[in-house]
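For the sequence shown, this note's numbering begins at 1 and goes up steadily by one.
Just so it is clear, CB atoms sit at the ideal spot from N, CA and C, and this is done for glycine as well.
Since the model is a prediction, treat every value here as computed from it, not as a measurement.
Following: one structure in structure tokens, then a few remarks.
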Amino acid sequence: MPERMNFVGIKTTSAIRIADLGGWTDTWFAQCGSVASLSVYSRIFGNCGEFLGVDVIATTAKSGLDCGEISIIAADPTYNVIAKITDIINDNFDHKNLLLASLSLCPLNMFLHDNITFRIQSPIPPGASMGTSASVSTALIKSVFVLANSGYLASEIAKLAFRAETEVMGGQSGTQDQWTAAYSSGANEIVIDNYPETRLYDIPLSSETRTFLNNGLVTVFVGQHNSSQTHMKVISEQENKGPDSEELVALRKIAPMAVVALRKGDTKRFGELMKKNTKAQEKLCSKLVGENHRLVIKHANRLNCLGYKVNGAGGEGGSVTLLFSKRSTAEKFVVTLKVNPAAEGFQYFEHQIAS
Numbered sequence: 001m002p003e004r005m006n007f008v009g010i011k012t013t014s015a016i017r018i019a020d021l022g023g024w025t026d027t028w029f030a031q032c033g034s035v036a037s038l039s040v041y042s043r044i045f046g047n048c049g050e051f052l053g054v055d056v057i058a059t060t061a062k063s064g065l066d067c068g069e070i071s072i073i074a075a076d077p078t079y080n081v082i083a084k085i086t087d088i089i090n091d092n093f094d095h096k097n098l099l100l101a102s103l104s105l106c107p108l109n110m111f112l113h114d115n116i117t118f119r120i121q122s123p124i125p126p127g128a129s130m131g132t133s134a135s136v137s138t139a140l141i142k143s144v145f146v147l148a149n150s151g152y153l154a155s156e157i158a159k160l161a162f163r164a165e166t167e168v169m170g171g172q173s174g175t176q177d178q179w180t181a182a183y184s185s186g187a188n189e190i191v192i193d194n195y196p197e198t199r200l201y202d203i204p205l206s207s208e209t210r211t212f213l214n215n216g217l218v219t220v221f222v223g224q225h226n227s228s229q230t231h232m233k234v235i236s237e238q239e240n241k242g243p244d245s246e247e248l249v250a251l252r253k254i255a256p257m258a259v260v261a262l263r264k265g266d267t268k269r270f271g272e273l274m275k276k277n278t279k280a281q282e283k284l285c286s287k288l289v290g291e292n293h294r295l296v297i298k299h300a301n302r303l304n305c306l307g308y309k310v311n312g313a314g315g316e317g318g319s320v321t322l323l324f325s326k327r328s329t330a331e332k333f334v335v336t337l338k339v340n341p342a343a344e345g346f347q348y349f350e351h352q353i354a355s
């Protein structure tokens with residue numbers, strides 16, 4: 001491994017995932033499939049600030065002790081954590097903590113006598129079903145490799161982030177979020193050959209298509225995602241039906257069509273496929289599209305939105321991404337929904353396609 005540089009501080013960034021068409025086919029019970037999604041940087045709708053992804057700002061300093069510590073400071077203080085580096089290396093940590101699980105797979109041996117501070121910043125609140133957990137994990141892992149002055153491939157970062165959730169934490173996970181976050185390439189075609197074997201291809205977008213999407217995309221966060229029971233129901237049912245179930249076959253067909261639409265710049269067709277995917281989610285399990293999602297979609301349809309997609313696996317909470325034909329219609333949608341009492345607490349985001 002090359003000699004570590006004496007960094008004062010570094011920053012790594014992972015984009016956020018929206019409009020994931022073909023989701024659920026990247027799972028162990030589907031075995032194979034494909035997903036078309038968009039990697040974006042985000043900000044509050046109407047804000048003039050910078051579009052942001054998930055940033056990890058890392059600094060190192062000599063500890064002066066036999067063993068250094070890692071401090072992780074998140075925007076939400078409930079996620080803050082402090083741990084000795086030797087404890088992480090020796091597998092003595094809370095395995096349900098994604099941040100520590102991710103660090104446990106990183107080359108920490110060269111930092112035994114350092115104190116490392118990671119500051120995590122995200123424009124999106126937790127539980128938005130926009131792949132932010134994977135964005136945090138990949139950005140955190142990338143930051144350690146940069147601090148170590150060690151090169152890396154995006155595919156390697158994706159595999160480590162996936163292992164953190166499945167092997168270290170013992171959880172279930174699709175692969176699309178880790179691969180999308182690690183590459184942060186804009187428009188993505190993610191191919192799952194034989195779970196978890198995954199490949200990601202960049203979908204080239206014309207400048208006109210990129211501008212159209214930047215102007216027309218709006219994501220509404222309707223509340224923190226909490227749908228474990230619904231997801232377990234889907235998993236148990238699909239496990240019994242097998243990978244060639246009618247529902248999974250329907251979802252599997254959507255992503256390749258979305259890839260073609262984006263390559264051609266056919267944004268109207270892409271919007272239609274967003275709608276088709278959300279309906280396919282409902283057939284997988286009606287509870288994957290919640291009442292708040294339906295409220296957002298109802299208001300968007302009144303303004304003839306081109307598309308809508310309940311992000312991620314769906315369920316109660318999370319978010320809906322909408323596609324409008326022009327910026328002024330997107331602005332009108334946000335203004336009208338904000339005054340609806342049933343939409344109290346919703347948050348609205350605009351996006352810039354990553355590049």
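Span of the beta strand (DSSP E) around residue i
| i | result |
| --- | --- |
| residue 195 | Here residue 195 belongs to no beta strand (DSSP E), and DSSP marks it neither H nor E. |
| residue 117 | 114-121 |
| residue 287 | Note, residue 287: premise wrong, no beta strand (DSSP E); not H, not E. |
| residue 74 | 69-74 |
| residue 346 | No beta strand (DSSP E) holds residue 346; DSSP gives it neither H nor E. |
Closest by C-alpha distance to residue i, when choosing among the options
| i | options | result |
| --- | --- | --- |
| residue 47 | 291, 347, 99 | 347 |
| residue 129 | 335, 331, 320 | 320 |
| residue 350 | 291, 328, 283, 134 | 328 |
| residue 19 | 324, 331, 308, 28 | 308 |
| residue 220 | 16, 17, 45 | 45 |
| residue 226 | 286, 232, 136, 317 | 317 |
| residue 161 | 140, 146, 150, 148 | 140 |
| residue 149 | 34, 232, 79, 108 | 108 |
| residue 284 | 191, 210, 242 | 242 |
| residue 337 | 286, 296, 191, 310 | 296 |
| residue 11 | 32, 122, 43 | 122 |
First and last residue of the uninterrupted alpha helix (DSSP H) at residue i
| i | result |
| --- | --- |
| residue 249 | 246-264 |
| residue 326 | Residue 326 -> no alpha helix (DSSP H), and no H or E assigned at all. |
| residue 225 | From DSSP, residue 225 is part of no alpha helix (DSSP H); its letter is neither H nor E. |
| residue 178 | 176-183 |
| residue 26 | Segment: none, residue 26 is in no alpha helix (DSSP H) and carries neither H nor E. |
| residue 38 | Looking at the DSSP string, residue 38 is not in any alpha helix (DSSP H); the run it does join, the beta strand (DSSP E), is 33-44. |
| residue 146 | 132-147 |
Residue j beta carbon less than 7 Å from that of residue i
| i | j | result |
| --- | --- | --- |
| residue 24 | residue 322 | no |
| residue 189 | residue 260 | no |
| residue 70 | residue 89 | no |
| residue 22 | residue 41 | no |
| residue 118 | residue 181 | no |
| residue 39 | residue 186 | yes |
Burial state of residue i, where buried means 16 or more other Cβ atoms lie within 10 Å
| i | result |
| --- | --- |
| residue 199 | exposed |
| residue 62 | exposed |
| residue 113 | exposed |
| residue 176 | buried |
| residue 342 | exposed |
| residue 276 | buried |
| residue 247 | buried |
| residue 9 | exposed |
| residue 292 | buried |
| residue 65 | exposed |
| residue 3 | In this predicted model, residue 3 has a pLDDT of only 48, less than 50, meaning its place in the structure is not dependable; the value taken from the coordinates is given anyway. Burial call: exposed. |
| residue 204 | exposed |
| residue 228 | exposed |
| residue 213 | buried |
| residue 209 | buried |
For residue j and residue i, the rounded distance between their alpha carbons
| i | j | result |
| --- | --- | --- |
| residue 75 | residue 334 | 25 Å |
| residue 330 | residue 116 | 42 Å |
| residue 168 | residue 99 | 11 Å |
| residue 94 | residue 164 | 12 Å |
| residue 345 | residue 267 | 30 Å |
| residue 173 | residue 354 | 24 Å |
| residue 312 | residue 49 | 26 Å |
| residue 17 | residue 134 | 9 Å |
| residue 196 | residue 27 | 8 Å |
| residue 171 | residue 96 | 9 Å |
7 Å Cβ cutoff, residue i in contact with chain D
| i | result |
| --- | --- |
| residue 24 | Here there is only one protein chain, and chain D is not present. |
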